[in-house]
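Numbered continuously in our numbering, the sequence shown closes out at residue 399.
Cβ coordinates follow ideal geometry from the N, Cα and C atoms, glycine included.
Here the structure is a predicted model, which means the values were calculated and not measured.
Inspection log for the structure reproduced underneath, given as C-alpha cells.
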Amino acid sequence: MDLKQTAAERFDAVEAELRDISHWMYHNPEIAFEEFDTSARLVEFLRNNGFDVEYPSFGLDTAFAARAGNDGPEVVICAEYDALPEVGHACGHNIIATAALGAGVALFDAAAELGFRVRVQGTPAEEAYGGKVDLINNGAFVGAALSMMIHPSPSDVVDPNFLGVAHIDVEFTGKESHAAFAPQLGTNALDAAVQAYVNISMLRQALYPTDKVHGVIEYGGGAPNVIPAFTKMSWYVRAATTERLDELHDRVVACFAAAAGATGCSYEVKPRGHTYTDLISDPLLAGLYASNSKALGRPMGRGADRDPGAAGSTDMGNVSHEVPAIHPMIGIDCAPWVNHQKEFADATILAPGDKAIRDGALAMAHTVIDVAAGNRWDDLRKPPVRA
Ligand SMILES: [Zn+2]
Ligand SMILES: [Zn+2]
Numbered sequence: 013m014d015l016k017q018t019a020a021e022r023f024d025a026v027e028a029e030l031r032d033i034s035h036w037m038y039h040n041p042e043i044a045f046e047e048f049d050t051s052a053r054l055v056e057f058l059r060n061n062g063f064d065v066e067y068p069s070f071g072l073d074t075a076f077a078a079r080a081g082n083d084g085p086e087v088v089i090c091a092e093y094d095a096l097p098e099v100g101h102a103c104g105h106n107i108i109a110t111a112a113l114g115a116g117v118a119l120f121d122a123a124a125e126l127g128f129r130v131r132v133q134g135t136p137a138e139e140a141y142g143g144k145v146d147l148i149n150n151g152a153f154v155g156a157a158l159s160m161m162i163h164p165s166p167s168d169v170v171d172p173n174f175l176g177v178a179h180i181d182v183e184f185t186g187k188e189s190h191a192a193f194a195p196q197l198g199t200n201a202l203d204a205a206v207q208a209y210v211n212i213s214m215l216r217q218a219l220y221p222t223d224k225v226h227g228v229i230e231y232g233g234g235a236p237n238v239i240p241a242f243t244k245m246s247w248y249v250r251a252a253t254t255e256r257l258d259e260l261h262d263r264v265v266a267c268f269a270a271a272a273g274a275t276g277c278s279y280e281v282k283p284r285g286h287t288y289t290d291l292i293s294d295p296l297l298a299g300l301y302a303s304n305s306k307a308l309g310r311p312m313g314r315g316a317d318r319d320p321g322a323a324g325s326t327d328m329g330n331v332s333h334e335v336p337a338i339h340p341m342i343g344i345d346c347a348p349w350v351n352h353q354k355e356f357a358d359a360t361i362l363a364p365g366d367k368a369i370r371d372g373a374l375a376m377a378h379t380v381i382d383v384a385a386g387n388r389w390d391d392l393r394k395p396p397v398r399a
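The following block contains the structure:
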C-alpha cells in the first residue's frame with residue numbers, strides 16, 4: 013500500500029484527539045520552562061500511540077523524547093509548546109505541538125518499512141531562553157539525519173526568513189539622593205537608561221533593514237523624590253547573520269557604555285538566555301515539503317519573495333546550523349492579526365487552525381517518506397561540524 017496514504021490514514025485516526033489537545037493547550041497556556049501539564053499531556057498521547065518516551069529528556073524538566081523505529085537514520089520532529097505571558101498561545105505553539113505529534117504517528121509504519129527512526133522531540137522555552145540551545149548542548153541533535161517543525165503564521169512560507177537574536181539586559185548603578193534639596197549629591201541611573209535609549213535611537217539611522225534593536229526599561233526608579241540609584245533595561249538585538257549580530261551587539265553595548273560615561277553611572281551587561289542564530293532551510297527538504305504541501309491543497313510561498321526585514325527569530329535557527337532542517341510557516345487565515353497578538357491565539361482554535369495541524373503533520377510526514385523512499389539522506393545539506 014502507498015506509504016503516504018497509510019500515513020494519512022494513521023493521522024486520520026488521531027486527528028480528533030490532536031484537535032482536542034490543541035484546544036486544551038489554548039485554554040491552559042504555560043510559559044517557557046513551566047510547561048509541566050502540557051508536556052505531560054503530550055507524553056501521554058505519545059505513549060498511548062506506541063512511542064517509547066523518555067521524559068524528562070536531555071536535561072530539561074519539561075522536554076521529552078518520543079522514539080519509534082529500530083534502526084536507520086534518525087528524523088527529529090520538533091514540538092514547541094510554550095505560551096506567552098498575558099496573551100497565551102498567541103504564537104500558536106498548540107498547533108506546532110499537535111502537528112508534530114501527528115507527523116510522528118503518521119510516520120510509524122513508514123519508519124519500520126523504510127528503515128529509519130523517528131523522534132518527536134519536545135522542545136521547551138522557544139519564546140524565552142532558547143530551550144533548543146540547551147537541547148543541542150546536551151546532545152539532542154547529535155547524529156540526527158534531519159529535523160523539522162511547522163509554525164503557524166498569517167501566510168504559507170516554506171523557507172521563511174529568520175534573524176539571529178541576542179537578548180541582553182543592562183543595569184545602571186548610580187547613587188541615590190534627595191531629588192529636591194540635594195540632587196547634586198546623586199548620580200541618576202534613570203538618566204543613564206534614558207541616554208542609552210536615545211543613543212540606540214540614533215544608532216538606528218546606521219542600521220540595515222534586517223537589523224532590529226528594541227528594548228524596554230524594566231525598572232526605572234522607585235520614587236520621584238529620590239534620585240534613582242539603579243535602573244534596568246532589557247533589549248533584543250537582531251541581525252540576518254551571526255557575524256552581523258556580533259557587530260551590532262558591540263555597537264549597542266557601546267551605547268550603554270556612553271550613557272554610563274555621560275551620567276557618571278556604572279553599568280553591567282547581562283545576557284538573558286541563549287543567542288538564536290538565523291535559520292538555514294535545507295533546500296532539498298524545503299522543495300519536497302513545498303510539493304507535498306501543494307499536493308495537499310496548500311501551495312507554499314518562498315522566503316526569497318518576502319521582505320527580509322519582516323522577520324522574527326527562532327531557536328530552530330540554532331538547530332538548522334547543526335542538522336539539515338526546515339521550519340515552514342503555515343497560514344491560519346488570521347488576517348489582520350499576527351503572531352503575539354491575543355486575537356492570533358483565538359484564531360488557532362478555529363477551523364483554519366485545526367486544518368493547519370493536519371496539513372503540517374502530513375506535509376512533514378510525506379516529506380520524510382520521500383527522503384527515505386528515495387534514499388536521499390546523502391543529498392541533504394551538510395552543516396558545518398562544530399569544533
Ligand atoms: Zn513567538
Ligand atoms: Zn512561535
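- Below 8 Å, too few C-beta pairs join the stretch 123–132 and the stretch 42–52 to call them touching: fewer than three.
- Non-local C-beta neighbours of Phe63 in its own chain, meaning closer than 8 Å and more than five positions away in sequence, comprise Ala78, Arg79, Ala80, Gly116, Val132, ordered along the chain.
- By the Cβ test, the stretch 343–361 is not in contact with the stretch 181–193, since fewer than three Cβ pairs between them sit closer than 8 Å.
- Annotation for Glu139 indicates a beta carbon within 7 Å of some heavy atom of ligand 1.
- Looking only at Leu113, Pro164, Pro172, the smallest Cα-Cα distance to Asp32 is reached by Leu113.
- Taking C-beta separations shorter than 7 Å and ignoring five residues to either side along the sequence, the partners of Thr135 in its chain run Ala75, Cys90, Ala91, Glu92, Gly143, Lys144, Leu147, following chain order.
- As the crow flies, the alpha-carbon of Ala368 is around 37 Å from that of Met245.
- Following the DSSP letters along the chain, one finds Thr50 in no beta strand (DSSP E) but inside the alpha helix (DSSP H) bounded by residues 48–60.
- In summary, Asn351 is buried, with 16 or more beta-carbon neighbours lying within 10 Å of its beta-carbon over all protein chains present.
- Distance from the CA of Leu197 to the CA of Gly227, rounded to the nearest whole angstrom, comes to 29 Å.
- Here the alpha carbon of Leu374 sits roughly 11 Å from the alpha carbon of Glu27.
- In the structure shown, the three-state DSSP call for Ile162 is coil.
- As computed with DSSP, Ser246 is found in a beta bridge with Asp181, Val228.
- For Ser305, the uninterrupted alpha helix (DSSP H) run begins and ends at 295–307, by DSSP.
- A check of alpha carbon separations from Ala205 across Ala251, Arg250, Val264 identifies Val264 as the nearest.
- The C-alpha of Arg216 is placed about 22 Å away from the C-alpha of Phe184.
- Under the three-state reduction of DSSP, His333 is assigned to coil, being neither helix nor strand.
- In this structure, Ile108 and His39 do not form a Cβ contact; the two beta carbons are roughly 17 Å apart against a cut-off of 8 Å.
- Given a length threshold of 3 residues, each whole run of the beta strand (DSSP E) inside the stretch 53–122 is given here in chain order: 64–66, 77–80, 86–91.
- Within 10 angstroms of the beta-carbon of Lys16 lie 16 or more other beta-carbons, which makes it buried.
- If you check the C-beta of His352 against ligand 1, you find a heavy atom less than 7 Å away.
- Residue range 201–215 is occupied by the alpha helix (DSSP H) that includes Met214.
- Separation of Asn304 and Ala269 (C-alpha to C-alpha, rounded to the nearest whole angstrom) is 51 Å.
- By the neighbour-count criterion, in which a residue is buried when 16 or more other Cβ atoms sit within 10 angstroms of its Cβ, Glu139 is buried.
- Distances taken from the Cβ of Cys90 to the heavy atoms of ligand 1 include none shorter than 7 Å.
- Taking the CA atoms as reference points, Gly71 sits about 32 Å from Lys224.
- The Cβ atoms of Phe120 and Arg256 do not sit closer than 8 Å to each other.
- Under the DSSP assignment, Glu27 falls outside any beta strand (DSSP E), being part of the alpha helix (DSSP H) whose first and last residues are 15–39.
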